[in-house]
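Just so it is clear: in the sequence shown, position 135 is 136 by the working numbering, and no numbers are missing.
The beta-carbon is built from N, C-alpha and C at its ideal position, and this holds for glycine as well.
For reference, the structure is listed below as structure tokens.
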Amino acid sequence: MTAPVGSSTRATAAPLILWGYLVFSLLASATAVGVLISPSLSNTLLPYTGFSGLAIYPFTVYFALTAIRTPRRRQVYKIAVLLALGMLFGFLDVYRQSAVPGGAPATGPSGAIAIATPNSLRPVMTITLPALWLFLLISPGMKRWIRQAPVEQD
């Protein structure tokens with residue numbers, strides 16, 4: 002006799018990559034909210050992340066949870082699209098910073114002035130980190146897991 006496949010079984014069957022992404026995106030989301038609330042945190046992190054560096058991750062939490070808890074595993078591809086969009090904003094941000102000699106002061110979401118000088122870690126936070134997660138989420142192992150999705154029962 003086989004045990005019924007419940008959502009907890011599906012959740013434990015999710016790959017570690019997806020669990021790792023969920024934990025990372027929750028931490029990034031908490032940090033993004035902290036940047037909006039605390040001007041001092043905003044002034045500390047904005048030179049490294051830019052205005053859009055962490056903003057994409059809160060939107061991906063839903064899709065990660067849906068892919069883990071339900072048979073709709075193709076939600077992972079929606080995360081990939083949002084990460085690609087975040088990378089595009091990262092490219093634009095890095096280009097904008099490199100096009101302005103010496104950087105220019107800019108106001109952050111909290112209204113505090115953040116020095117928007119080019120930082121060597123900004124491309125890592127705005128382009129490389131989303132690219133790493135993007136490649137991990139569309140890796141062959143993840144694609145295999147997505148293809149093995151159970152049939153949804155009504």
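Suppose the cutoff is 6 angstroms on Cβ atoms and the five residues either side in sequence are ignored; what does the same chain contact list for residue i look like?
i	result
Y58	S26, A29, S30
L137	I18
G112	Residue placement at G112 is flagged as unreliable, the pLDDT there being 49, under the threshold of 50; a coordinate-derived value is accordingly withheld.
L171	As displayed, the chain neither begins before 2 nor continues past 155, which places residue 171 out of reach and without an answer.
Among the options, which has the Cα closest to the Cα of residue i?
i	options	result
M126	F92, N44, R73, S41	F92
A85	M143, R74, I139, V24	I139
A33	T50, V24, L17, G21	T50
L89	N44, P124, L137	P124
F52	P151, R148, V95	V95
K144	S39, V77, S121, Y63	V77
V148	I128, P72, P48	In the sequence as presented, Val is not what sits at residue 148; that position holds Arg. With distances taken between Cα atoms, R148 lies closest to P72.
A132	G87, P141, R97, W146	G87
P151	N44, P141, R74	R74
L55	W146, L130, P141, G142	L130
Residue range of the alpha helix (DSSP H) that residue i falls in?
i	result
T45	40 to 50
M143	141 to 148
L133	130 to 138
I69	58 to 70
I'd like the list of long-range same chain contacts for residue i, defined as Cβ closer than 7 angstroms, with 5 residues on each side in sequence excluded.
i	result
L83	I57, F60, T61
L42	G35, V36
A65	L19, Y22, L23, S26, I80
I128	M88, G91, F92, V95
What does a CB cutoff of less than 8 angstroms around residue i pick up in its chain, not counting 5 residues either side in sequence?
i	result
L135	A81, L84, A85, M88
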